[in-house]
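Numbering (this note's numbering), first residue to last: 8 to 206. Backbone N, C-alpha and C define an ideal beta-carbon position, used for all residues, glycine too. Here the structure comes first, spelled out in structure tokens, and everything after it is commentary.
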């Protein structure tokens with residue numbers, strides 16, 4: 008799976024570099040959204056048809072919220088530590104970490120309310136988080152406890168990395184937990200990024 012993903016990305020880079028697929032470039036946003044929607048539909052049908060997944064989620068109840076909370080804390084603390092090494096202030100590094108992989112929103116927020124430089128850094132940091140998540144998820148899925156695959160994707164486990172998680176894990180309740188985690192983290196981004204940058 009990992010080899011196929013990397014091969015497709017490399018193929019896309021080479022296609023864009025050596026040719027000018029005008030139709031694809033002009034319609035890339037629509038094509039990507041459509042393909043993602045089809046993948047998410049498949050994931051939804053798979054989850055909805057599995058009563059065991061629904062029963063396990065009911066058993067977990069509110070505890071399922073601990074996962075995105077811990078991911079949020081880990082992301083913010085981790086970027087704050089790296090910020091010390093890069094000579095960033097605590098508010099800058101923690102605000103970047105609060106993007107949780109949602110590069111388009113966190114970069115725009117920080118550009119508008121703080122600075123273009125930090126907005127670009129937030130954008131790149133969160134893009135790389137998603138790229139690393141795509142590489143790490145199939146590898147982490149081989150561990151005994153598959154719930155670990157939820158952490159790298161952050162907010163993207165609600166959409167772009169959800170099909171990859173679904174393909175990589177054997178315990179299907181992990182997919183439902185990943186979706187919930189991604190939804191919670193996505194809702195926290197527009198709250199935490201502006202809040203942390205002003206501290």
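Assuming residue i is part of the alpha helix (DSSP H), what are its boundary residues?
| i | result |
| --- | --- |
| residue 154 | Looking at the DSSP string, residue 154 is not in any alpha helix (DSSP H), and its letter there is neither H nor E. |
| residue 119 | 110-120 |
| residue 81 | 73-92 |
| residue 203 | 180-204 |
| residue 146 | 123-147 |
| residue 95 | Unbroken run through residue 95: none, as it is neither H nor E. |
| residue 30 | 29-33 |
| residue 173 | 169-175 |
With distance defined between alpha-carbon atoms, name the residue in the options nearest to residue i.
| i | options | result |
| --- | --- | --- |
| residue 151 | 181, 132, 78 | 181 |
| residue 73 | 65, 36, 184 | 184 |
| residue 136 | 31, 76, 167, 120 | 167 |
| residue 61 | 195, 206, 178, 197 | 178 |
| residue 165 | 36, 13, 38, 75 | 75 |
| residue 81 | 105, 65, 22 | 105 |
Hey, residue i and residue j: beta-carbon distance below 9 Å or not?
| i | j | result |
| --- | --- | --- |
| residue 201 | residue 78 | no |
| residue 123 | residue 103 | no |
| residue 83 | residue 199 | yes |
| residue 170 | residue 49 | yes |
Would you mind giving the Cβ-Cβ distance between residue i and residue j, rounded to the nearest angstrom? I have them listed as a contact below 8 Å.
| i | j | result |
| --- | --- | --- |
| residue 162 | residue 192 | 4 Å |
| residue 176 | residue 153 | 5 Å |
| residue 206 | residue 121 | Going by Cβ atoms, the distance from residue 206 to residue 121 rounds to 12 Å, so no, they are not a contact pair. |
| residue 196 | residue 100 | The Cβ separation is near 16 Å, so there is no contact. |
| residue 53 | residue 173 | 7 Å |
Under 8 Å, with one C-beta from each stretch per pair, do the stretch 185-192 and the stretch 152-165 reach the 3-pair mark?
yes
The stretch 109-119 touching the stretch 76-91, judged by at least three CB pairs closer than 8 Å
no
Would you say the stretch 141-149 touches the stretch 120-130, given that touching needs at least three Cβ pairs under 8 Å?
no
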